[in-house]
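In full-length UniProt numbering, the protein residues as written are 1 to 850. Here a beta-carbon is modelled for each residue, glycine too, at the ideal position from N, C-alpha and C. Every value quoted in this text rests on a predicted model; they were computed, and no experiment measured them. Here is the structure we will look at.
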């Protein structure tokens, strides 16, 4: 790290652009001690601080903008560093060494251009009238969301990476989505013809229309929809909104205005140190062109940011020499991977291909003419091969004698490339350029787990795609140093959750005390093992959780069979199977809400939540709801929550199957099923997908011939689209597959692990899961079905059970010695409903003492 001496005059460094790459450059400058040398001024055109554009689609899924910020506001409040948002730079005066904004001029000694790129909108007649929606920033997504309000169909022009993400956004907003691509295949830059075909098949199976080799010539008013798109060839297409995602162009306008050298195809021409034709001006990221090429991924941008920061601080750094453009993505829930020379353009290159037309999966391996080096790969449908193939390609590791074994299905494939086989130079995290050697250094420096290595090296904190490989390397290196990698559940049980589940099931253990005495340590357990064992016991034997020997194992919500809210009251959630409810049922819920002054809210899972119940009111409320025919909705447990459905063929003119009847059947079967994490289901009556089945743990979509089954999706902080598991199933086969899959998940998942994370952690990926569930490769099919049937047969409403036992009801008192209400809970009226009163300010102890 370099530092300035006391005689070195302070210089001004201006960074134009506060995107991911511009922010990373500032991070690197500060880490290298640049604030001792420079006053740093950062200009951002947007009004928000740098945010995570890699996971832009999560914003449409409900993630808030602030949580996507690359730093907190305090980062830019340190002395010598200033951030000016919403103030674009208008021009650069190289002679005066100034940048000019609408607010004034600012001198610089050094200047970094990190202006990024802009979406290319083809010159199509009528495109201006179509509002020119693009998919680039959070503001763009806000505009798309607003345009989607009341719309039925949306079209994306462009079938590349961002185009498919944009199509996913339209689909998640409830629109019928279509993709129009000029090339004869999707993702033409990354995929070959067969890979593009496999991707198209998978995306069309999700209900997204794909139109290839279509050159849009004109956009005019439509007849059935708002716009009509006319193509050079093929039938026209009508739509309510159009999103343009036809590629990017470098934002090099400031450089052109300032007279800097610009590459033939655009972009500020830079050398290996990221210097422009003016030695005092640097360019990094998508606005920069190295050797005539633009690198449109975050990892090369970060690499350029590191190089520029090192140069500006006078530190030694390897020059930028181009970047690996390998990518691992999930587009509309479909795995897509592209590594190195994916098209086999290297002279003499040979290719091996694995094609599964039924499952729309495709893998291509490209090797050198002599077969001794992996040059590239294409993956569609299963990215579990990606990390291994990337390491072979990046590190020159010789492939097996039969290179094809690297892409064959589980059972025929070559053994996985273990962490020990990777050289020290192997890049584990491309975003932050973290090598295996850097991880080893972090471990030698005192890090003892994955979290510590992440904090020390920033590995897996970018796109997150290397998280699994990082974990493998850390655990291998710890073991090689003689450090036992402790996978114990906690101090009381030297087993994983999966091992404890097997012990409980095989030995027929039905109590925590017996399990602790026979296989644990200590006498009481802890907050980790108690709820985990409670969940295991419930999944295996489904005994009432309110029985005296089980109550001490439960967390607060399960203890009182209601979700505790922020003001100490509880929510009441009656089960409404499939979203179907009678008028009498609605009246009964309304009467309860009115009587007990509860706030009512219809949820996204088609249930009615009642908020504001006090502890002593819960038994009375549930007595009235059960008398009206309702059961507990298990909203408080890690269990089956909801089965969402559309109205299906009974009412909808598009429905091809009775989705409500199937939703009722599924919810009746799996209600009360306890699992490592909550479970959500959905059933759609046609491919219009009104129930949003592809964002659920178990999703079912009707076809003309039966049901398509989708598995292991979820919304929330880490959205993941469910994957197509089986097609055109009859009712009995559908239920059998769900039985097996859920029980296999319950048997093998880690504690508090969602089905999505569990699926991503399975060696062999979706193909392995299909083999276990559909082909019964482990011979567990009948056993898994029997285990599920036991849970189903033992079901009883937990609230009905508690209401029948006076001893259990004693727990539902706010005060041990009184049945009175809590006098400290107050409500106010807002929008005609009760809301918690504003809480008094709680003064932290440190502040009070001060």
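Under the three-state DSSP convention, the category residue i falls into
i	result
residue 195	helix
residue 848	In this predicted model, residue 848 has a pLDDT of only 32, less than 50, meaning its place in the structure is not dependable; the value taken from the coordinates is given anyway. Looking at residue 848 - three-state DSSP - the assignment turns out to be helix.
residue 738	helix
residue 908	The first residue shown for the chain is 1 and the last is 850, placing residue 908 beyond what the model contains.
residue 4	Note that residue 4 has pLDDT 46, beneath the 50 cutoff, so the model's placement of it is unreliable and the number below is only indicative. The answer is coil: DSSP assigns residue 4 none of H, G, I, E or B.
residue 202	helix
residue 403	helix
residue 654	coil
residue 673	coil
residue 356	strand
residue 839	Any answer about residue 839 is weak, because its pLDDT of 46 lies below 50 and its placement is not dependable; what the coordinates show is given next. DSSP places residue 839 in coil when its eight states are reduced to three.
residue 237	strand
residue 560	helix
residue 76	helix
residue 439	helix
Whether residue i touches residue j by CB criterion (9 angstroms)
i	j	result
residue 870	residue 304	This structure does not reach residue 870, given that the chain is present from 1 up to 850, and the question cannot be answered.
residue 376	residue 358	no
residue 549	residue 511	yes
residue 160	residue 247	yes
residue 103	residue 87	yes
residue 83	residue 112	no
residue 72	residue 13	no
residue 701	residue 207	yes
residue 795	residue 672	yes
residue 176	residue 210	no
residue 154	residue 216	no
residue 24	residue 301	yes
residue 737	residue 780	no
residue 252	residue 115	yes
residue 299	residue 267	no
residue 812	residue 619	yes
residue 573	residue 635	yes
residue 522	residue 515	no
residue 533	residue 551	no
residue 18	residue 49	yes
Bridge-paired residues (DSSP) for residue i
i	result
residue 350	367
residue 698	681 and 711
residue 338	327 and 378
residue 40	13 and 81
residue 157	180 and 244
residue 87	According to DSSP, residue 87 bridges with nothing at all.
residue 209	178
residue 723	711
residue 229	219 and 237
residue 809	Partner(s): none; residue 809 has no beta bridge.
Buried or exposed (CB count within 10 angstroms, at least 16 for buried), residue i
i	result
residue 595	exposed
residue 67	exposed
residue 297	buried
residue 425	exposed
residue 843	For residue 843, the pLDDT reaches just 35, beneath the cut-off of 50, and the residue's location in the model is therefore unreliable, although a value from the coordinates is still provided. The residue is exposed, with fewer than 16 neighbouring Cβ atoms inside 10 Å.
residue 763	exposed
residue 9	exposed
residue 751	buried
residue 224	exposed
residue 258	buried
residue 654	exposed
residue 142	exposed
residue 705	exposed
residue 387	buried
Proximity test, residue i beta-carbon vs the ligand PLP heavy atom, cut-off 8 angstroms
i	result
residue 332	No copy of the ligand PLP occurs in the structure displayed, which carries no ligand at all.
CB contact check: residue i to chain B, cutoff 9 angstroms
i	result
residue 515	The structure shown contains no chain B, having only a single protein chain.
TODO: Flag this pair as touching only if the segment 331 to 340 and the segment 185 to 202 have three or more C-beta atom pairs under 8 angstroms; answer yes or no.
DONE: yes
TODO: Would you be able to state if there are at least three C-beta pairs under 8 angstroms between the segment 132 to 141 and the segment 301 to 316?
DONE: no
- [ ] Examine the Cβ distances between the segment 600 to 613 and the segment 627 to 644 and report whether three or more of them are shorter than 8 angstroms.
- [x] yes
Task: Three or more C-beta pairs below 8 angstroms linking the segment 475 to 491 and the segment 433 to 449 - done: yes
Task: Given 8 angstroms, three or more beta-carbon pairs between the segment 621 to 629 and the segment 674 to 688 - done: no
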